[in-house]
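Colleague:
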Amino acid sequence: ALTGRAFLFFAYPAQMSGDSVWTPVDGFSGATALSISASDGVTALAANGITWWDAFFGFIQGSLGSTSTLACLLGGAFLIYTKVASWRIILGVFLGMVVTATLFNLIGSDSNPMYAMPWYWHLVLGGFAFGMVYMATDPVSASMTNAGRWIFGALIGFMTVLIRVVNPAFPEGIMLAILFANIFAPLIDYCVVQVNIRRRRRRHA
43 ALTGRAFLFF AYPAQMSGDS VWTPVDGFSG ATALSISASD GVTALAANGI TWWDAFFGFI
103 QGSLGSTSTL ACLLGGAFLI YTKVASWRII LGVFLGMVVT ATLFNLIGSD SNPMYAMPWY
163 WHLVLGGFAF GMVYMATDPV SASMTNAGRW IFGALIGFMT VLIRVVNPAF PEGIMLAILF
223 ANIFAPLIDY CVVQVNIRRR RRRHA
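Heads up, the sequence shown is in our numbering, so the first residue is 43 and it goes up one at a time.
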């Protein structure tokens, strides 16, 4: 699914991205909360009448299914309860995002307002929550080892914030972050297995 979306994004960038999102139901169009914060900073959200709770509950413009962080987290809780999704990956993505966002906050920038975005805004803006719960936990393409899942998730969280902050022209980064992490998933599992083998050899030597 992400590969198909990536193809559409790079093949038809004008139709798949931009500052406006269209809602045919009521004919409303406007800049998304993530694009507003990317261009003018988090403080501009309040000026546009967008609060953190609006973003958390999903009362903002955005892609279908990804605007309500609350709904995504409730779905994630169900997937974890039914053992369909790995809680290690979800928590790893979250922790990777928190650490990376905090580092950028400490570094700061006078020219890029995304440096100042706190982690709790990264959580509720864009498709982060949706990707963290439903895309990163794909059992086919994600890491299979327990330690590998932590690393895999943290890599996604790190790269999501990195793409959002470093590339202001593309404020959303969860899609590319998951695709890149999927490439490294076999290598992560291989390294984890090799470390475990060496540890057992030293233990029984």
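Each residue gets a CB set at the ideal place from its N, CA and C atoms; glycine is no exception.
Restricting to Cα atoms, I'd like to know which of ILE131, ALA97 and THR74 is closest to MET186.
Modeller: Here the question's residue 186 lines up with position 144 in the sequence shown. Per the Cα distances, ILE131.
Colleague: I'd like the list of long-range same chain contacts for ALA143, defined as Cβ closer than 6 Å, with 5 residues on each side in sequence excluded.
Modeller: Translated into positions along the sequence shown, residue 143 becomes position 101. Hits under 6 Å: TRP161, HIS164 and VAL203.
Colleague: Are GLY134 and PHE194 close, meaning C-beta to C-beta below 8 Å?
Modeller: Along the sequence shown, one-based indexing puts residue 134 at 92. Along the sequence shown, one-based indexing puts residue 194 at 152. In this structure, PHE194 lies closer than 8 Å to GLY134 by Cβ.
Colleague: DSSP state of ALA184, grouped into three classes?
Modeller: Looking up residue 184 in the sequence shown gives position 142. In the structure shown, ALA184 sits in coil (DSSP, three-state: anything other than H, G, I, E or B).
Colleague: Can you list, in chain order, the residues of its chain with a C-beta nearer than 7 Å to that of VAL84? Leave out the 5 residues immediately preceding and following it.
Modeller: As a working note, residue 84 is residue 42 in the sequence shown. ALA158, MET159 and TRP163.
Colleague: Whole angstroms are fine: how far does the CA of SER110 sit from the CA of VAL166?
Modeller: Residue numbering aside, residue 166 sits at position 124 when the sequence shown is read from its first letter. Residue numbering aside, residue 110 sits at position 68 when the sequence shown is read from its first letter. C-alpha separation (whole angstroms): 8 Å.
Colleague: Which term fits TYR118, buried or exposed, when burial requires 16 or more other beta carbons within 10 angstroms of its beta carbon?
Modeller: Here the question's residue 118 lines up with position 76 in the sequence shown. For the record, residue 118 in the displayed sequence is Gly; it is not Tyr. So GLY118 counts as buried.
Colleague: Cβ atoms of CYS114 and VAL175: under 8 Å apart, would you say?
Modeller: Here residue 175 refers to the residue found at position 133 of the sequence shown. Here residue 114 refers to the residue found at position 72 of the sequence shown. Yes, Cβ-Cβ distance for VAL175 and CYS114 is below 8 Å.
Colleague: State the start and end residues of the unbroken alpha helix (DSSP H) segment that holds PHE101.
Modeller: Walking along the sequence shown from the start, residue 101 turns up at place 59. Where PHE101 is concerned, there is no enclosing alpha helix (DSSP H), given that its DSSP letter is neither H nor E.
Colleague: Considering only their Cβ atoms, is the gap separating ALA184 from ALA227 smaller than 8 Å?
Modeller: Indexing the sequence shown from 1 puts residue 227 at position 185. Indexing the sequence shown from 1 puts residue 184 at position 142. Yes, these two residues count as a Cβ contact at 8 Å.
Colleague: Starting from THR85, trace the alpha helix (DSSP H) in both directions and tell me its first and last residue.
Modeller: The sequence position of residue 85 within the sequence shown is 43, counting from 1. Start and end: 85-89.
Colleague: May I ask you to report which of helix, strand or coil DSSP gives GLY134?
Modeller: Within the sequence shown, residue 134 is the residue found at index 92, counting from 1. Of the three classes helix, strand and coil, the one that applies to GLY134 here is helix, per DSSP.
Colleague: What's the gap between the Cα of PHE70 and the Cα of ILE92?
Modeller: Along the sequence shown, read from residue 1 onward, the residue named residue 70 stands at position 28. Along the sequence shown, read from residue 1 onward, the residue named residue 92 stands at position 50. Note that PHE70 has pLDDT 47, beneath the 50 cutoff, so the model's placement of it is unreliable and the number below is only indicative. Rounded to the nearest angstrom, the two C-alpha atoms are 16 Å apart.
Colleague: State the Cα-Cα distance for the pair ARG244 and TRP192, rounded to the nearest angstrom.
Modeller: Stepping through the sequence shown from its first residue, residue 244 is reached at position 202. Stepping through the sequence shown from its first residue, residue 192 is reached at position 150. Approximately 24 Å between the Cα atoms of the pair.
Colleague: At the level of alpha carbons, what is the spacing between GLY104 and LEU229?
Modeller: Against the sequence shown, residue 104 aligns to sequence position 62. Against the sequence shown, residue 229 aligns to sequence position 187. Cα to Cα, GLY104 sits roughly 34 Å from LEU229.
Colleague: Smallest Cα separation from SER108: which of ASN147, LEU76 and ALA171?
Modeller: Indexing the sequence shown from 1 puts residue 108 at position 66. That would be ALA171, whose Cα lies nearest to the Cα of SER108.
Colleague: Take GLN236 as the anchor and find which of TRP95, PHE212 and GLY190 has the nearest alpha-carbon.
Modeller: Here the question's residue 236 lines up with position 194 in the sequence shown. The residue with the shortest Cα to Cα distance from GLN236 is GLY190.
Colleague: Jot down the residue ranges of each uninterrupted alpha helix (DSSP H) in the stretch 131-175, minimum 4 residues, whole runs only, in chain order.
Modeller: If we require 4 residues or more, the alpha helix (DSSP H) runs fully inside the stretch 131-175 come out as 161-166.
Colleague: Suppose the cutoff is 7 Å on Cβ atoms and the five residues either side in sequence are ignored; what does the same chain contact list for ASN188 look like?
Modeller: By one-based count along the sequence shown, residue 188 stands at place 146. Answer for ASN188: ARG130, listed in chain order.
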